[in-house]
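Undergrad:
Residue numbers (this note's numbering), protein chains in the order written: chain A, 674 to 1166; chain B, 604 to 754; chain C, 290 to 400; chain D, -5 to 168.
(1) Does residue 151/D come out as helix, strand or coil in the three-state DSSP assignment?
(2) Could you please give the first and the last residue of the uninterrupted alpha helix (DSSP H) stretch that includes residue 817/A?
(3) Is there a Cβ of chain D sitting closer than 9 Å to that of residue 831/A, yes or no?
(4) What residues in the stretch 728 to 743 of chain A have a beta carbon less than 8 Å from any beta carbon of chain B?
(5) Could you check the C-alpha separation between residue 931/A and residue 748/A for me, to the nearest Å?
(6) Does the stretch 32 to 39 of chain D come close enough to the stretch 329 to 342 of chain C to have 3 or more Cβ pairs within less than 8 Å?
(7) Mind reading off the beta-carbon distance from residue 33/D to residue 45/D? Whole number of angstroms is fine, and I expect it under 8 Å.
(8) Classify residue 1116/A as buried or exposed, calling it buried when 16 or more other Cβ atoms lie within 10 Å of its own Cβ.
(9) Exposed or buried, what is residue 935/A when buried is set at 16 or more other beta-carbons lying within 10 Å of its beta-carbon?
(10) In three-state terms, what does DSSP make of residue 676/A?
(11) Please report whether the beta-carbon of residue 644/B lies at a distance below 9 Å from any beta-carbon of chain C.
(12) Can you name, in chain order, every residue of its own chain whose Cβ lies under 8 Å from the Cβ of residue 742/A, other than the five neighbours on each side?
(13) Along the stretch 303 to 336 of chain C, where does the CB come closer than 8 Å to a CB of chain D? Name the residues.
(14) Going along the chain, which residues of its own chain have a beta-carbon closer than 7 Å to the beta-carbon of residue 943/A, five neighbours each way excluded?
(15) Just to make sure I have the definition right: I need the residues of chain A whose C-beta is within less than 7 Å of the C-beta of residue 365/C. Which are they?
(16) Given a cut-off of 9 Å on the beta-carbon distance, is the pair residue 712/A and residue 788/A in contact?
(17) Drop a sphere of 10 angstroms on the beta-carbon of residue 735/B, count the other beta-carbons inside from all chains shown, and report buried for 16 or more, exposed for fewer.
(18) Under 9 Å between C-beta atoms, does residue 816/A make it to chain C?
(19) Can you find the residues in the same chain that come closer than 6 Å, C-beta to C-beta, to residue 839/A, ignoring five residues on each side of it along the sequence?
(20) Can you grab the Cα-Cα spacing for the pair residue 1002/A / residue 799/A, in whole Å?
(21) To the nearest whole angstrom, what separates the beta carbons of residue 952/A and residue 1079/A, a pair I think is in contact under 8 Å?
(22) Is DSSP giving residue 999/A helix, strand or coil here?
(23) Show which residues of chain D have a CB atom less than 7 Å away from the CB atom of residue 616/B.
(24) Which residue wins for smallest C-alpha separation from residue 957/A, given the options 981/A, 1133/A, 938/A?
(25) Using only CA atoms, which one of 27/D, 58/D, 142/D, 26/D lies nearest to residue 364/C?
(26) For the stretch 741 to 748 of chain B against the stretch 799 to 810 of chain A, are there 3 or more C-beta pairs whose distance is under 8 Å?
(27) For a contact defined as C-beta to C-beta under 7 Å, what are the partners of residue 825/A on chain D?
(28) For a contact defined as C-beta to C-beta under 7 Å, what are the partners of residue 744/B on chain D?
(29) CB-CB under 7 Å to residue 604/B, same chain, minus the five flanking residues each way: which ones, in chain order?
(30) Quick check on this structure: which residue in 316/C, 393/C, 315/C, 339/C has the alpha carbon closest to the alpha carbon of residue -5/D?
(31) Reducing DSSP to helix, strand and coil, say where residue 745/A ends up.
(32) Once you ignore the five residues that flank residue -2/D on each side, which residues in its own chain have a CB closer than 8 Å to its CB?
(33) Does the CB of residue 396/C have a neighbour CB from chain D at under 9 Å?
(34) Which of the three DSSP states, helix, strand or coil, is assigned to residue 336/C?
(35) For a contact defined as C-beta to C-beta under 7 Å, what are the partners of residue 360/C on chain B?
(36) Just to confirm, are residue 98/D and residue 859/A a CB contact at a threshold of 9 Å?
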């Protein structure tokens, strides 16, 4: 399976080459980056076909078998993340061909973007703790630089806040890895999993707390969320889409899931922790989002709320809950990326992000208006869009686990979500067109194309949710259900 | 008087004279450290930083104009990318040569000699070039920015 | 005991990051935390009466200390200097925009 | 052995000074004291590679930090309003955290007797398998070379990021 290391090799190579191309014409770097992301996206689909028969692939780096060397693991969960990361990245690069014309140093932007993709792919693929840390840092540092890309005062401030929080998170994670190494003498996830299986001492719970704090900071679960509402709106729109849609899931949710389910093994107490964090994020994010007047800030708070849904679903611990959580992860990546791209399109044409200043924009910007309506409806869980099914699955999971109050709360938060997205629609796209916006034009067609494709995915995933579920979601759920059998699977095969 | 020393930019004559003698050995020591990374403590990263710190000493003592004649920032930036590409190519060459990413595909040679350990010295050279270029470029950018911010 | 001492340094760094109001002090807090972690990792690999893990002509069967944490620390040091360079670049840029290092005055964002 | 303890206490003292001193430049210099004592500690812990890297990095970091501190004309620290409540809360949180941590850290193997599950293989077979006499290099560039690729990329990313952040104009004029 020699295509697995290419998920890291290609974007890294492209990043190094793009810096060399800094002086060349813009078209060259535009074409190069789109080819690279398209290639990665196609590779991720190829992997689905290969993985269908095998279940799990292990790739050892440099022929040193674990625990001696580093291994890359592709199983259902990694594959789901790979598909999400690389496809969203492709749409975002397509969009930024036009959008980033407003900024200087486009080639360097693409280079940083490639590094971020490489970092996320590395995090998702690796089977080794220290390697996880290294790629975590690549993705994080690239994202700090991308948040500050416009170098205006607010962007720098937001990026600094993000950077300080995230650096603390990285140090906590490294400390925890050190603790595990001291205890077991190994760095491989599967190996550590087999050593600590069944053991219980204070040291392990301490390292667990450090991991939860560290990755929780990266995922912006509510007690650790302070950086997100500043950082995500300040970034250029394609980056906001990438950060909110993919990065917090690849660095936060995926790592938490992998470590808690597959290395430590879930216990009753841990499911409670997941649920409590999930509820706080879900309700808190929703309430805070309702008060926002800035389009992108509202979307950022809504991301916190939706991350809460995912955590809650994972905390159910049964088939439907986990399926709903993973499906919601997929869906949130598509519609949140779509909505951020919409907000970017509005900003591109009108130059404002304040909801009160907009109005009636769907008359002059029909594509943006229509796609944002689709995005809003699907994030609030209206059938037949995809958000409905994932929320339904989470609610079924909660009911099966016997938590009726939580199920009702979830429905209520869903109504809340609908409320604040209706607010967006009413203020920005419907209503009377203000005089100063009559001259506004629709954004360039290449930006429209990527928004339209994302909107089509939102509808398509809603209608054809069953084949989607069978092909890429069920293998991922199986990985979670296997739990700590992970280590014997990896070390044995 | 040499033309470099006559300039007003930079520090005093004492510093300039001493750094004129010290900079070449520093860079040479950096190269030594890169090449002997697989035998003695050290390696690509510290060696590269030492080489870069030779140039940083030039910036601090002679000012930026003189240093730019020795090493341009664009050259440093190209060096950085090239070094990184060398390392990545060594990694990818492992696939055709040995079947896996990052296989040490060259012969191991006699231990404890300078030409031994397969791709490790080559990788060290790549890292050394990369780190030198990178550290120099970032330091230069920081210095130049500070001056223009005062304006 | 050594582990406790390294953890104390870690906590001092954490305190500095959380309490201090100066951008550069926050940066220094992060640097102190990274020092503490590096110290902790290397001390994890120390063996009593061990020697550095370098094979020379004379000693081939010596009692070497653990090389893996040292390799980890080398990587971690490089990452910390990289982060430091970037973070200082941000600080200088913020200073240029706001003309202060005071966190309480750098408040253009609401909420 | 006692040297390591002495250096550890020196590092604690240095970091407390760095946190509490009013002058930014003295804070930077005390930070350098911490870093250089860490370097000497690495030597006592039989880690010459780390010591070399630490010392070169420390010098560069010192120069960079002094540059940053030199931007401000008067190097005094800004005296923010004392938020007594926040300080107390943080302090209590840190103490609770510390007690928990100290209880947890006793479960680690004793200092000087590591587990060395994987490393014993590196030590016994490293020279013949990789050909590098320096075992740290053999781990760094052969057994775990992929990490080093990541490390080089982190450096590349940070430098690129610094150059991007420091460019003069971010947005083109409309």
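We treat Cβ as the ideally placed atom computed from N, Cα and C, and that holds for glycine.
As the structure is a prediction and not an experimental result, all values here were calculated from the model.
TA: According to the structure data:
(1) For this step, residue 151/D is matched to residue 157 along the fourth chain. It is helical.
(2) Locating residue 817/A in the first chain gives position 144, counting from the first residue. Where residue 817/A is concerned, the enclosing alpha helix (DSSP H) stretches over 802 to 820.
(3) Along the first chain, read from residue 1 onward, the residue named residue 831/A stands at position 158. No, residue 831/A lies away from the interface with chain D (no Cβ there is under 9 Å from its Cβ).
(4) 732, 733, 734, 735, 736
(5) As a working mapping, residue 931/A is identified with position 258 in the first chain. As a working mapping, residue 748/A is identified with position 75 in the first chain. For residue 931/A and residue 748/A, the distance between alpha carbons rounds to 11 Å.
(6) yes
(7) As a working mapping, residue 33/D is identified with position 39 in the fourth chain. As a working mapping, residue 45/D is identified with position 51 in the fourth chain. Contact holds; Cβ gap of about 5 Å.
(8) As a position in the first chain, residue 1116/A is number 443, starting the count at 1. With 16 or more other Cβ atoms within 10 Å, it is buried.
(9) Here residue 935/A refers to the residue found at position 262 when the first chain is read from its first residue. It is buried - the Cβ of residue 935/A has at least 16 other Cβ atoms within 10 Å.
(10) In the first chain, residue 676/A corresponds to position 3, counting from 1. Reduced to three states, the DSSP call for residue 676/A is coil.
(11) As a working mapping, residue 644/B is identified with position 41 in the second chain. With 9 Å as the cut-off, residue 644/B counts as an interface residue toward chain C.
(12) Here the question's residue 742/A lines up with position 69 in the first chain. The residues are 733, 734, 735, 736.
(13) 303, 304, 305, 307, 308, 309, 310, 311, 313, 314, 316, 317, 318, 320, 321, 324, 327, 328, 331, 332, 333, 334, 335, 336
(14) Indexing the first chain from 1 puts residue 943/A at position 270. 933.
(15) Locating residue 365/C in the third chain gives position 76, counting from the first residue. 847, listed in chain order.
(16) Against the first chain, residue 712/A aligns to sequence position 39. Against the first chain, residue 788/A aligns to sequence position 115. Cβ atoms of residue 712/A and residue 788/A: not closer than 9 Å.
(17) Reading the second chain from its first residue, position 132 is the one you call residue 735/B. With 16 or more Cβ atoms within 10 Å of its Cβ, residue 735/B is classed as buried.
(18) For the purposes of this step, residue 816/A is identified with residue 143 of the first chain, where counting begins at 1. No, because no Cβ of chain C sits closer than 9 Å to the Cβ of residue 816/A.
(19) As a first step, residue 839/A must be located in the first chain, where it is residue number 166. Around residue 839/A: 813.
(20) Translated into the one-based positions of the first chain, residue 1002/A becomes position 329. Translated into the one-based positions of the first chain, residue 799/A becomes position 126. Going by the C-alpha atoms only, they are around 20 Å apart.
(21) Counting from 1 along the first chain, the entry for residue 952/A is found at position 279. Counting from 1 along the first chain, the entry for residue 1079/A is found at position 406. About 7 Å separates the two Cβ atoms, so the contact holds.
(22) To locate residue 999/A, count along the first chain from 1; it is residue 326. Residue 999/A: helix per DSSP, three-state reduction.
(23) By 1-based counting over the second chain, the position of residue 616/B is 13. Within chain D, no residue comes near residue 616/B; the closest Cβ sits about 22 Å away, beyond 7 Å.
(24) Locating residue 957/A in the first chain gives position 284, where the first residue counts as 1. Closest option to residue 957/A, Cα to Cα, is 981/A.
(25) Walking along the third chain from the start, residue 364/C turns up at place 75. When only C-alpha atoms are compared, the closest one is 142/D.
(26) no
(27) Within the first chain, numbered from 1, the residue matching residue 825/A stands at position 152. Chain D residues near residue 825/A: 164.
(28) As a position in the second chain, residue 744/B is number 141, starting the count at 1. Those are 156, 157, 160, listed as they occur along chain D.
(29) Indexing the second chain from 1 puts residue 604/B at position 1. With a pLDDT of 44 at residue 604/B, under the threshold of 50, the predicted position of this residue should be treated as unreliable, though the coordinate-derived value follows. Counting only Cβ-Cβ distances below 7 Å, and skipping sequence neighbours, we find nothing.
(30) The sequence position of residue -5/D within the fourth chain is 1, counting from 1. The candidate whose alpha carbon is nearest that of residue -5/D is 339/C.
(31) Within the first chain, the letter at position 72 stands for residue 745/A. Reduced to three states, the DSSP call for residue 745/A is strand.
(32) By one-based count along the fourth chain, residue -2/D stands at place 4. Only 35, 38, 39 meet the Cβ criterion.
(33) Indexing the third chain from 1 puts residue 396/C at position 107. Cβ-Cβ to chain D under 9 Å: no for residue 396/C.
(34) Position 47 of the third chain holds residue 336/C. In the structure shown, residue 336/C sits in a strand (DSSP, three-state: E or B).
(35) Against the third chain, residue 360/C aligns to sequence position 71. Per Cβ cutoff of 7 Å: no residues; residue 360/C is ~10 Å from chain B at best.
(36) Counting from one through the fourth chain, the residue named residue 98/D turns up at place 104. Counting from one through the first chain, the residue named residue 859/A turns up at place 186. No, the pair does not count as a contact, with Cβ atoms beyond the cut-off.
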